[in-house]
Every structure is written in C-alpha cells, then in structure tokens.
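Sequential numbering from 20 applies to the sequence shown in the working numbering. Below is one structure, written out as structure tokens, with a few remarks after it.
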Amino acid sequence: MAEKNKLMLELEEMQTQAHQALAEIQQETDLQKWHTKTFGRTSLLINVFSRLPEVAKEERPVVGHRANEIKTALETEYLAKQSAIKQAALQRNLSAEKLDVSLPGRSPLQGRLHPQTQTLRQIYNIFAEMGFQVYRSPEVETDEYNFELLNMPAYHPARDMWDTFYTTKPGVILRTHTSPGQIRAMREFAPGPIRVVLPGMCYRYEQMDASHEIQFNQVELLAVGKHITFGDLKGTLTDFARRMFGEEVQTRFRPSYFPFTEPSAEMDVECFVCGGKGCAICKGGGWLEILGCGMLHPVVLRNGGYDPEKYTGFAAGLGPERISMLRNRIPDIRYFWANDIRFLEQF
Ligand code: PHE
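This is how it looks when you write it as structure tokens:
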C-alpha cells in the first residue's frame with residue numbers, strides 16, 4: 020500500500036491519543052468519560068464504517084479491518100485500566116481503615132456482689148454450719164406482726180424504740196425489724212422445732228446521719244424447741260462471734276430490755292481494733308455492741324402457736340451493716356445504699 024489514506028491516518032492518530040489519555044487516568048469517573056469519547060455514538064470508531072465511501076474501494080477492507088483491530092486493542096486496554104483503578108481503590112481503603120489487631124481491647128466493667136450481700140452470705144454460712152436455715156419474710160408488714168404479736172399492743176411505750184414508716188393503708192407498715200418473721204416462722208412450723216435465720220431489709224423513719232439510715236439489713240436468729248436454755252443462746256452467739264471475728268475474740272452479755280424476749284440481753288464483742296484497750300472505734304470502752312437477744316417471751320411463743328409451758332426458744336437480731344462498718348472501719352452507714360461506685364468497688 021503506497022500512501023495511507025486520510026481516514027486511516029485519523030484512525031491511527033485517534034488510537035495514539037486514546038492510548039495516551041488512558042494512561043493518565045486515575046479516577047473511575049474519568050475512565051467513564053474516556054469510554055464514552057472512545058466508543059460512544061459520535062466516536063470515530065463507531066462512525067468509521069459510514070465514512071468508508073471516502074476511501075478508495077480497494078482500500079476499504081483494510082481500513083475496516085484496522086478499525087476493528089484498534090477497537091479490540093482499546094477495549095482490552097480499557098478493561099485492564101478499569102481493574103487497575105478498582106484495585107487501587109481497594110488498597111486505599113484497606114490502608115485507611117487498617118485494623119490494628121495487636122491493640123489490646125477494652126475490658127468490660129465487671130460487676131460484683133454488694134458488700135452487704137457478701138456479709139450476709141458469710142453470716143448464713145456460719146449459721147448454716149450450726150443447722151440454721153434461711154427463712155424469708157415480707158418487708159411490708161402489718162402493725163399486728165411488727166408490734167402486736169410481739170407483745171407490743173397499740174398503747175405500749177416500747178413502740179417508741181422503733182421509728183416507723185406507715186403506709187396510707189391503715190395497719191400496713193414497712194417492718195422496723197426482722198422480728199415479725201419470728202411469728203411467721205412459728206406459725207408455719209408449730210409445734211415442730213425451729214432453727215432459722217430471718218434476713219433482710221428493715222426500714223425506720225429516722226433523721227439520717229453517719230450512724231442512722233432509713234434502710235438497713237438485719238439478720239434475726241430464731242430457735243424454738245423443748246429444753247432450749249439461755250445457755251444455748253450464749254453458746255450459739257459466742258460461737259458465731261468466734262467464727263465471724265476470729266477464734267480469740269472475747270464476748271460479753273449485758274442485760275437489756277425487749278418486749279418480746281425475757282430475759283433480754285445485748286452482746287458485745289471485744290474491740291478488734293484495739294484489742295479491748297479502748298480506741299476511737301469503740302469510743303474508748305473496749306467493747307462493740309453487735310446484737311440484741313433474749314429468750315422468747317411466753318406471749319410471743321403462744322402467739323406463734325407454741326405452749327410456753329412445754330416449749331422455750333431464743334431469738335437474736337444483728338445488724339450486718341454495723342458488723343461491716345466495724346470490720347472495714349467504714350465511718351458512715353449512708354455509704355451502703357448511696358449507690359456510689361467508688362465505695363462499692365472497694366469490696
Ligand atoms: N428486733 C430487735 C431490734 O430491732 C432486736 C432483737 C431481736 C432483740 C430478737 C431481741 C431478740 O432492735
């Protein structure tokens with residue numbers, strides 16, 4: 020073939036330009052524009068066949084053939100470029116959102132038992148070893164169970180010992196101590212023998228300060244049967260103190276008064292901070308009061324369904340918050356139920 024015809028030159032020029040333009044492209048959008056320009060309806064490659072009459076007849080197959088070759092070549096280049104751009108975009112994403120698998124994770128905040136749940140469980144364990152079962156009784160009580168059946172009729176001045184939350188329903192109150200559970204347990208088990216602990220929240224209408232809360236736990240101890248004596252009471256409670264505070268701890272019983280026990284006493288343990296010498300915790304006295312106790316009053320036994328001529332029993336009521344405060348030197352009872360994580364997380 021002598022000289023190339025004009026159309027052939029245009030085709031080759033167009034291929035060169037398209038090839039160079041493609042090499043520069045970095046973006047998907049530019050690639051699409053390139054594609055439209057190269058293969059679109061107005062492009063030379065598409066219109067070359069309608070322009071064949073411009074060319075001498077014998078050269079037309081050569082031009083047509085060449086046009087097809089160029090088209091195939093550019094298409095191949097286009098596909099290669101397209102996948103290169105995709106690959107580059109993927110690489111960019113991978114390095115931008117790189118995950119550092121060697122970075123330690125944040126450990127989740129782990130919950131734990133409330134300090135008083137821990138103390139309560141410790142108390143249950145000690146009494147369980149002595150054969151006492153846990154017996155639950157209601158926190159919302161009647162005046163009858165909280166006072167009357169415990170030998171405190173409505174006029175009784177001993178009611179002044181308990182500041183009380185009354186509900187709007189007459190005769191329904193929040194229990195001021197766990198002692199009403201004594202009557203409930205006795206009425207369930209009479210005339211059988213009883214050895215139970217009655218734990219749970221009690222409520223008193225108090226002016227709150229470092230040693231007074233309107234809510235606190237108590238653990239009531241109750242034993243009923245034949246031939247139960249004050250000696251059993253002393254032995255059980257002294258043994259409890261040894262298991263709770265250590266083998267060496269000294270205890271003492273002081274006479275006291277409760278309407279539902281006779282005789283009544285309070286038990287002190289030797290101050291484990293100063294060993295009985297006297298310090299700020301025991302306020303110089305060398306002893307710490309931890310519970311009230313006594314032999315069941317005959318009226319209470321009868322109200323529970325036991326004949327006081329045949330049966331006797333003892334009861335005690337201890338304050339687990341007080342025990343925790345003494346053992347951990349917590350200066351303010353209000354910490355227990357204030358929901359302050361800084362306090363709770365220390366236990
Ligand atoms: N219920 C008494 C109180 O709250 C404690 C107690 C219980 C005393 C059992 C004697 C016997 O103070």
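Beta carbons: idealized from backbone N, C-alpha and C, even for Gly.
Residue i: buried (16+ other C-beta within 10 angstroms of its C-beta) or exposed?
| i | result |
| --- | --- |
| Leu118 | exposed |
| Asn165 | buried |
| Leu320 | buried |
| Ala334 | buried |
| Asn322 | buried |
| Glu239 | buried |
| Asn358 | exposed |
| Val120 | exposed |
| Gln365 | exposed |
| Pro339 | buried |
| Thr48 | exposed |
| Asn170 | buried |
| Thr138 | buried |
Can you determine whether any heavy atom of the ligand PHE sits closer than 8 Å to the C-beta of residue i, and answer yes or no?
| i | result |
| --- | --- |
| Leu307 | no |
| His196 | yes |
| Gln137 | no |
| Leu193 | no |
| Ser283 | yes |
| Ala334 | yes |
| Leu310 | yes |
| Phe279 | yes |
| Cys221 | yes |
| Gln237 | yes |
| Gly313 | yes |
| Met180 | yes |
Can you check which of these residues, the options, is closest to residue i by C-alpha distance?
| i | options | result |
| --- | --- | --- |
| Gln237 | Leu50, Glu158, Glu73 and Lys56 | Glu158 |
| Leu217 | Arg140, His316 and Val67 | Arg140 |
| Arg273 | Asp251, Phe264 and Leu307 | Leu307 |
| Pro350 | Thr270, Arg214, Ser230 and Thr195 | Ser230 |
| Asp179 | Gln234, Ala260 and Tyr276 | Tyr276 |
| Phe249 | Met314, Thr136 and Ser343 | Met314 |
| Tyr330 | Leu71, Thr138, Pro210 and Ser283 | Pro210 |
| Leu64 | Ile145, Asn87 and Ala75 | Asn87 |
| Arg262 | Asn144, Arg79 and Arg131 | Asn144 |
| Val67 | Pro327, Gln34 and Gln129 | Gln34 |
| Thr187 | Leu169, Asp162 and Phe208 | Asp162 |
| Gly254 | Phe235, Phe146, Gln39 and Arg85 | Phe146 |
| Pro327 | Met344, Gly124 and Lys245 | Lys245 |
| Trp181 | Ala42, Gly332, Gln234 and Leu252 | Gln234 |
| Tyr154 | Cys290, Ala260 and Leu241 | Leu241 |
| Ala173 | Gly190, Ala107 and Gln39 | Gly190 |
| Lys105 | Ser62, Ile44 and Ile142 | Ile44 |
Return helix, strand or coil for residue i, following the three-state DSSP convention.
| i | result |
| --- | --- |
| Trp356 | coil |
| Pro218 | strand |
| Thr367 | Since the first residue shown for the chain is 20 and the last is 366, residue 367 is missing from the structure and cannot be characterised. |
| Phe224 | According to the sequence provided, residue 224 is Tyr. The question's Phe does not apply to it. Of the three classes helix, strand and coil, the one that applies to Tyr224 here is coil, per DSSP. |
| Ala147 | helix |
| Gln234 | strand |
| Leu337 | strand |
| Gly244 | strand |
| Gly323 | helix |
| Thr35 | helix |
| Arg346 | helix |
| Tyr185 | strand |
| Ile202 | helix |
| Tyr276 | strand |
| Asp49 | helix |
| Leu5 | Because the chain in this structure spans residues 20 to 366, residue 5 falls outside the shown range and cannot be described. |
| Thr136 | helix |
| Glu328 | coil |
| Leu310 | strand |
| Gly351 | Before going on, a small fix: residue 351 reads as Asp here, not Gly. Asp351: coil per DSSP, three-state reduction. |
| Ala284 | strand |
| Glu239 | strand |
| Thr270 | strand |
| Leu128 | coil |
| Gln8 | No answer is possible for residue 8: the residues shown for the chain start at 20 and end at 366. |
| Val82 | helix |
| Val67 | coil |
Since I believe residue j is in contact with residue i (beta carbons under 8 Å), could you give me their beta-carbon distance rounded to a whole number of angstroms?
| i | j | result |
| --- | --- | --- |
| Gly311 | Glu281 | Rounded, the Cβ-Cβ distance is 13 Å, inconsistent with contact. |
| Ile192 | Ala204 | Contact doesn't hold; Cβ gap of about 19 Å is too wide. |
| Asp287 | Arg271 | 5 Å |
| Phe151 | Val215 | 6 Å |
| Leu28 | Val74 | Incorrect: roughly 11 Å between the Cβ atoms, too far for contact. |
| Thr195 | Arg223 | 5 Å |
| Tyr325 | Val243 | 6 Å |
Please tell me whether, using a cut-off of 8 Å, the distance from the CB of residue i to the nearest non-hydrogen atom of the ligand SAM is below it.
| i | result |
| --- | --- |
| Leu240 | This structure simply doesn't include the ligand SAM; it includes the ligand PHE instead. |
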